[in-house]
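Below: the structure, in structure tokens.
Here it is in structure tokens:
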């Protein structure tokens with residue numbers, strides 16, 4: 008039994024790592040698509056794309072995944088993808104915003120609606136929850152345990168770089184920017200030697216809702232099913 012238990016634990020960790028890696032690749036694919044769609048698929052002439060491709064390589068993202076994201080953006084091989092946003096409510100009335108990239112709206116709509124239904128939620132109409140979110144630049148500067156960073160110093164650096172706000176947490180500092188200022192703030196902080204463990208333009212909820220204990224499993228299942236959907240590029244929610 009101990010041998011089986013050990014294998015089970017190892018397999019469980021591997022599955023968790025694979026899931027985490029899949030979410031990282033999903034985010035990078037979305038960023039590759041956005042950068043290529045905006046500035047073209049040639050990294051030599053598109054600094055934003057070049058930066059994302061560097062992240063993809065650092066994350067050991069397969070070349071096929073990278074090329075697939077670029078093909079979606081350029082319409083190569085007859086690919087014709089469109090961005091569609093779905094809005095709805097999960098268990099306990101938690102707002103959920105789903106961004107998708109699809110070549111078949113009917114297929115994607117059906118699978119997204121099914122995910123909500125399976126887990127005690129409901130798909131809403133356009134505009135039903137989007138107003139509860141703001142698109143913002145978001146980055147995290149981790150705290151340095153060996154040489155702790157001073158909150159006032161980080162705050163001053165972020166604000167001078169053009170950030171809107173900063174929040175200290177147990178693990179570091181969360182910095183918020185306007186989407187248009189995101190790259191400038193990120194580059195300024197990196198040039199000053201700050202490490203960033205997260206940096207992206209995302210959707211942040213204006214208010215959060217605590218998930219009731221008896222709804223946690225349902226809510227987690229909803230988010231997992233949505234994120235596992237190949238057509239879904241990002242999932243945002245108002246859960247605390």
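Numbering (the numbering used here), first residue to last: 8 to 247. Where is the CB? At the ideal position from N, CA and C, for every residue including glycine.
Through-space distance from residue j to residue i, alpha-carbon basis
i: residue 76; j: residue 37; result: 7 Å
i: residue 132; j: residue 242; result: 16 Å
i: residue 101; j: residue 51; result: 42 Å
i: residue 170; j: residue 192; result: 6 Å
i: residue 139; j: residue 206; result: 22 Å
i: residue 204; j: residue 149; result: 7 Å
i: residue 9; j: residue 228; result: The predicted model places residue 9 with a pLDDT of 42, which falls under 50 and marks its position as unreliable; any figure quoted below should be read in that light. Their backbone Cα atoms lie some 30 Å apart in a straight line.
i: residue 157; j: residue 165; result: 12 Å
i: residue 168; j: residue 195; result: 6 Å
i: residue 145; j: residue 176; result: 14 Å
i: residue 188; j: residue 53; result: 18 Å
i: residue 47; j: residue 56; result: 8 Å
i: residue 103; j: residue 94; result: 6 Å
Other residues of its chain near residue i: CB distance less than 6 Å, five sequence neighbours each side excluded
i: residue 118; result: 236
i: residue 181; result: 147, 174
i: residue 232; result: 122
i: residue 219; result: 99
i: residue 66; result: 31
CB of residue i within 8 Å of CB of residue j, strictly
i: residue 216; j: residue 245; result: yes
i: residue 240; j: residue 108; result: yes
i: residue 199; j: residue 141; result: no
Extent of the continuous beta strand (DSSP E) to which residue i belongs
i: residue 184; result: 179–184
i: residue 174; result: 172–175
i: residue 240; result: 239–244
Same chain, Cβ closer than 8 Å to residue i, neighbours up to 5 away in sequence not counted
i: residue 16; result: Annotation note: pLDDT 47 at residue 16 (below 50); position unreliable, coordinate value reported separately. Correct list: empty, nothing qualifies.
7 Å CB neighbourhood of residue i in its chain, flanking five on each side removed
i: residue 124; result: none
query: Taking only runs of the beta strand (DSSP E) that begin and end inside the segment 96–146, which ones reach a length of at least 3 residues, in chain order?
result: 102–109
- request: Within the segment 34–105, note down every full beta strand (DSSP E) run reaching 3 residues or more, in order along the chain.
  value: Runs found: 89–96.
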